[in-house]
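Chemist: These protein sequence lines are chains A and B, in that order. Under the working numbering, the first residue of the first sequence carries the number 371, and numbering increases by one thereafter. Under the working numbering, the first residue of the second sequence carries the number 37, and numbering increases by one thereafter.
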Amino acid sequence: MDNEMRALSTIAQDIAQVARSMGLDFYPVNFEIVPAEALYTFGAYGMPVRFTHWSFGKAFYKMKTQYDLNLSRIYELVINTNPAYAFLLEGNRLTQNKLVIGHVYAHVDFFKNNCYFSRTPKDMVERMGVHAEKIREYESRYGRDKVERTLDAVLAIQEHVDYRSHIGTDEKMENFPSISVQSKAEGHKCHGNACKENHVCSGNCGGNCATKEQSKVDSPKMTRAKRASLPYEDLWEDLLVDECQCSPQPEYEDLLLYLIKFAPGLEEWQRDIIGIVREESFYFYPQIETKIINEGWATFWHAKIMRELELTDAESLEFALMHSQVVQPSRMGLNPYYLGVKIWEKLAKDKPLSELFEVRESENDLSFIRNHLTRELVEELNLFNFRKIGAHWQVTENEWEKVRDNLVQQLVNGGHPRIVVLEGDFEGRGGLYLKHRHEGADLDIVYLEKTLSLVQFLWGKSVGLETVVDAKKVIFECSNGMVSHHQKTKTGENLA
Amino acid sequence: MADDIIVSRDDWSLHRKGYLDQTRHKEKVEEVIKQQLRDLIVDESIILTDGKKNTKIPMRSLEEFRFRYDLNKKNHTGQGTKKMVPGEIIGSDPTKGKGAAGNGAGEEPGQDIYEVEVTYEDLANILFAELKLPNLDDKKRPLIAHDRPEFNDVRKKGLMSNVDKKRTLLESIKRQAFSQKQNKEARLRISPEDLRYKTWETRPNFETNAVILAMMDTSGSMGQFEKYIARTFFFWMVRFLRLKYENVEIRFLAHHTEAKEVTETEFFTRGESGGTRCSSVYQYAIDLIESEYPPEHYNIYPVHFTDGDNIGSDNSKALALMQRLVEMSRVVGYGEILRTHYSSTLMSTLKRITDPKLRLVTIRERNEVYVALKTVFS
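1) Would you say residue 499 of chain A reaches chain B, if we count a Cβ-Cβ gap shorter than 8 Å as a contact?
2) Is the CB of residue 735 of chain A under 8 Å away from at least one CB in chain B?
3) Mapping DSSP to helix, strand and coil, what is residue 78 of chain B?
4) Below 7 Å on C-beta distance, what does residue 842 of chain A contact in chain B?
5) Can you list, in chain order, the residues of its chain with a C-beta nearer than 7 Å to that of residue 263 of chain B? Leave out the 5 residues immediately preceding and following it.
6) If you reduce the DSSP assignment to three classes, tell me which class residue 820 of chain A lands in.
7) When you compare only the Cα positions, how much space is there between residue 433 of chain A and residue 444 of chain A?
8) Give every residue of the same chain whose Cβ lies closer than 7 Å to the Cβ of residue 735 of chain A, excluding the five residues on either side of it in the sequence, and list them in chain order.
9) Leaving out the 5 sequence neighbours to the left and right, which residues in its chain are closer than 8 Å to residue 208 of chain B when beta-carbon positions are compared?
10) Buried or exposed, going by whether 16 or more other CB atoms sit within 10 Å of the CB of residue 760 of chain A?
11) Counting only the same chain and skipping the five closest in sequence on each side, list residues whose C-beta sits under 7 Å from that of residue 633 of chain A.
12) Assuming residue 475 of chain A and residue 400 of chain A are in contact, meaning their beta carbons sit under 8 Å apart, how far apart are those beta carbons, in whole angstroms?
13) What did DSSP end up calling residue 204 of chain B once you bin it into helix, strand or coil?
14) Could you tell me whether the Cβ atoms of residue 290 of chain B and residue 254 of chain B are closer together than 8 Å?
15) Does the Cβ-Cβ distance between residue 77 of chain B and residue 169 of chain B come in under 8 Å?
16) Reducing DSSP to helix, strand and coil, say where residue 264 of chain B ends up.
17) For residue 236 of chain B, which three-state DSSP category applies?
18) Thinking residue 355 of chain B and residue 370 of chain B are a contact (beta carbons under 8 Å), I'd like their distance in whole angstroms, please.
19) What residues from chain B crowd round residue 452 of chain A, counting only those whose CB sits closer than 7 Å?
20) Using a C-beta cutoff of 8 Å, does residue 48 of chain B count as contacting chain A?
21) In chain order, what residues of the same chain have a beta carbon less than 6 Å from the beta carbon of residue 907 of chain A, not counting five sequence neighbours either side?
22) Mind checking the region 108 to 124 of chain B against chain A and listing, in chain order, the residues whose C-beta falls within less than 7 Å of any C-beta there?
23) Starting from the beta carbon of residue 812 of chain A, find every residue of chain B whose beta carbon is closer than 8 Å, and list them in chain order.
24) Going by C-alpha to C-alpha distance, which of A:413, A:835 and A:650 sits closest to residue 458 of chain A?
25) For chain A, check one thing: does any of its Cβ atoms lie closer than 8 Å to the Cβ of residue 101 of chain B?
26) Run through DSSP, which three-state label would residue 335 of chain B get?
27) May I ask which residues mark the beginning and end of the beta strand (DSSP E) holding residue 92 of chain B?
28) Can you give me the Cβ contacts of residue 277 of chain B inside the same chain, cut-off strictly under 6 Å, excluding the 5 residues immediately before and after it?
29) Alpha carbon to alpha carbon, what distance is there between residue 755 of chain A and residue 774 of chain A?
30) According to a CB-to-CB cut-off of less than 8 Å, which residues of the region 373 to 396 of chain A neighbour chain B?
31) Strictly below 8 Å CB to CB, what residues from chain B border residue 845 of chain A?
32) Using 10 angstroms around the beta-carbon of residue 115 of chain B, count the other beta-carbons present and answer buried if the total reaches 16, otherwise exposed.
33) Would you mind working out which of B:237, B:324 and B:405 sits nearest residue 188 of chain B, comparing C-alpha positions?
34) Are the Cβ atoms of residue 730 of chain A and residue 480 of chain A separated by less than 8 Å?
35) Compile a chain-ordered list of the residues in the region 421 to 446 of chain A whose CB is closer than 8 Å to at least one CB of chain B.
36) Which bits of chain A does residue 69 of chain B rub up against, with CB to CB less than 8 Å?
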């Protein structure tokens with residue numbers, strides 16, 4: 371061990387002690403100093419080991435170029451495992467590493483204690499290693515192009531899994547009897563039969579009747595009451611009028627699982643690839659939905675810890691410089707470090723530390739913003755809403771509640787549109803029918819069409835997607851890679 | 037509680053994963069370039085800047101598609117340095133109005149269209165991989181002026197500055213492997229007997245020469261479009277031939293009813309009026325070849341662009357001269373740039389020449405330059 375390493379491990383131990391004495395509770399951490407190439411690879415792939423795909427190469431190239439041009443710098447990367455792994459960029463200065471180590475402990479404390487991470491497996495490095503190995507094997511057995519084509523399609527819909535599948539019990543698809551290869555065809559056929567009956571109803575009600583599951587959580591009436599204050603409320607009224615009393619058509623949020631179980635034309639290895647992507651998606655989602663709160667927490671604590679350490683004047687200056695770079699507001703959009711740390715600092719001013727620990731345990735970005743972004747903060751940070759009007763990006767609102775609500779809305783479902791599978795036999799030819807649960811924002815049509823054709827590739831037969839464009843209900847259809855669309859009439863005749 | 041802290045450092049120098057996938061990404065970019073090649077090679081930003089400027093092409097197929105919200109239709113939240121009032125404009129979309137597929141244009145905050153910058157070199161590499169030089173039968177002209185040293189031998193004696201490091205090392209390794217007392221700890225030693233030197237022989241230098249005779253009809257009917265097509269064609273032709281020949285000369289011959297030699301600028305810019313007599317330029321080319329470019333020493337590539345609107349009485353003379361030109365040359369290109377769907381009488385007359393060295397092309401659209409290049413160089 372050279373001097374630098376020895377110094378670092380002493381510092382890491384000292385800081386660990388300080389952090390624990392202040393109440394942080396984290397897994398043991400293995401630190402490793404890595405060169406920029408390695409760190410940026412982990413950044414692009416999200417993990418030290420992951421399967422191969424050109425999109426990661428693209429991300430890596432982009433990040434690495436920014437680093438080479440001195441435009442951005444990642445100082446560290448923490449992997450949520452037990453023990454945790456933290457990678458420090460080679461060439462970080464000692465003071466920088468002190469800050470980074472404090473930051474890392476707070477992240478690991480968050481991973482260990484935040485409820486949204488309670489389900490992530492703590493041996494994900496090994497699992498992803500196995501995934502990478504499997505995909506490599508598929509590549510050599512079935513050809514790189516075939517595997518790549520499948521991955522292209524699956525990665526396009528990787529967010530469409532049911533991240534809350536552990537909530538609620540029966541009737542969730544998770545609990546469907548798993549179908550073996552032999553009985554799959556049969557299983558699907560009977561599935562189709564069931565749909566035929568439903569189909570009549572779906573034609574009449576436009577597929578809008580609430581589902582059994584939904585009504586448990588969210589009765590239509592509740593929906594109406596809750597959404598009355600949202601934009602496009604007239605739209606909801608419209609949809610609710612359409613409601614009918616026919617037997618509900620089940621909806622499934624987990625598109626990937628649905629494909630694994632029911633896609634008629636997929637090979638076994640393709641199902642496995644969907645399963646792999648799905649599992650990794652489950653692992654990454656908690657990180658996506660806690661970006662602001664987690665980065666804010668780590669920034670809040672690295673500052674607190676640094677103030678406890680004895681620093682020389684020069685070190686204090688270096689720390690101040692780096693800290694201010696981290697929380698530098700970005701011109702457009704929001705710097706999650708800055709927004710997060712501001713909210714935590716405000717909370718620390720108003721509440722005892724024990725309550726802060728409760729918040730870090732029980733909240734994610736969405737609730738964090740909704741519960742703790744106050745009027746004073748919105749005004750202090752000069753937050754505002756803007757949108758595109760003509761060719762210009764124009765400020766539309768600066769009232770604190772509207773800003774807060776807009777942020778909250780952006781965080782719903784991790785910022786992804788919610789696409790559900792409606793059970794049924796689309797067009798009576800074994801098609802798949804998807805529905806976008808429109809919550810006020812329209813979809814990007816170009817992206818929709820391209821993605822839909824990728825879904826169709828996986829499903830094999832035709833695929834439909836129902837959404838709302840400019841307050842009109844539209845159905846996109848894709849068969850044989852060709853996408854077409856038409857407006858849906860009130861009675862839904864087009865469906866038949 | 038004592039923490040079990042491990043700080044480590046590994047050797048990551050063989051870690052290539054990111055680069056491997058980056059290579060695959062690059063391959064896919066090249067595929068896209070290939071698909072768009074016919075449009076890209078006529079791009080003004082490459083041709084008009086002599087290959088110095090790059091061109092940007094959208095890479096739709098390399099975007100990572102997903103179901104996502106329309107960024108142009110939703111509210112975003114931002115942060116200002118001061119209090120922002122409704123109505124303030126914080127940015128504009130420069131691509132608006134350019135007619136970009138309606139969606140996803142704009143720099144803020146979507147940064148949507150994924151573009152890749154294509155350099156002249158990228159294009160050249162891909163394009164030239166598809167072109168072939170026909171009738172390759174290198175004519176070499178001995179130049180008396182200088183001899184060229186050619187390193188082609190390795191000896192035990194020589195000049196220290198010419199030491200062959202690789203072979204010297206190999207000798208040293210070999211010697212130590214043969215020696216009885218093998219000492220694994222010992223470092224590789226280079227003894228004087230290991231040294232190997234590169235040596236050379238003096239050879240007479242041969243240079244390969246090619247000349248392009250760029251001929252163009254400058255009669256009134258040849259407009260901007262026609263000239264741009266010809267220019268693009270010659271741009272790529274010169275660069276392609278430079279790969280194959282050490283010296284590539286290009287002479288510009290303009291003609292209407294009479295032919296004369298002009299400068300490059302004049303060739304591509306000046307227009308004249310009057311009728312067209314193609315035989316005049318063929319005669320001029322033949323004279324030029326006979327006086328300056330003896331076919332036994334030069335690879336000759338005459339290329340003629342016209343709109344084909346030749347005086348009818350001239351066709352038989354043109355045919356005879358073209359026949360001679362073909363005999364003297366490597367490949368002769370005859371390109372008709374037409375806006376109509378008829379082909380001219382000159383074209384049908386020239387079709388009587390069956391020699392495969394004559395390549396006839398018709399260009400109606402910009403992107404047919406690519407096809408023309410492939411026809412001439414195949």
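Using N, Cα and C, we set each Cβ at its ideal position, and we do this for glycine too. What you are looking at is a predicted structure, and each value in this text was computed from that prediction instead of being measured.
Modeler: If we stick to the structure as given:
1) no
2) No, residue 735 of chain A does not count as interfacial toward chain B.
3) coil
4) Per Cβ cutoff of 7 Å: no residues; residue 842 of chain A is ~13 Å from chain B at best.
5) Closer than 7 Å at Cβ, skipping near neighbours: 304.
6) Shown here, residue 820 of chain A sits in a helix according to DSSP, grouped into three states.
7) 9 Å
8) 659, 660, 661, 662, 663 and 781
9) Answer for residue 208 of chain B: 224, 225, 226, 227 and 230, listed in chain order.
10) exposed
11) 828, 829 and 830
12) Taking a contact as a CB-CB distance under 8 Å, the pair residue 475 of chain A and residue 400 of chain A does not count as one, their CB atoms being some 13 Å apart.
13) helix
14) yes
15) no
16) helix
17) strand
18) Between residue 370 of chain B and residue 355 of chain B the Cβ distance is about 11 Å, and since that is not below 8 Å, they are no contact.
19) Those do not exist, as residue 452 of chain A stays about 13 Å from chain B at its closest Cβ, beyond 7 Å.
20) yes
21) Coverage of chain A is limited to positions 371 through 866, which leaves residue 907 of chain A absent and any answer about it impossible.
22) Residues passing the 7 Å Cβ filter: 108, 109, 110, 111, 112, 113, 114, 115, 116, 117, 118, 119, 120, 121, 122, 123 and 124.
23) 105, 106, 109 and 110
24) By alpha-carbon distance to residue 458 of chain A, the top candidate from A:413, A:835 and A:650 is A:413.
25) yes
26) strand
27) 91 to 94
28) 246 and 284
29) 9 Å
30) 375, 378, 379, 382, 383, 386, 387 and 390
31) None at all; the shortest Cβ gap to chain B is about 15 Å.
32) buried
33) B:237
34) Yes.
35) Of all residues in the region 421 to 446 of chain A, 422, 423, 424, 425, 426, 427, 428, 430, 431 and 434 have a Cβ within less than 8 Å of some Cβ in chain B.
36) Near residue 69 of chain B there are no residues of chain A at all, since even the closest Cβ is about 15 Å away, more than 8 Å.
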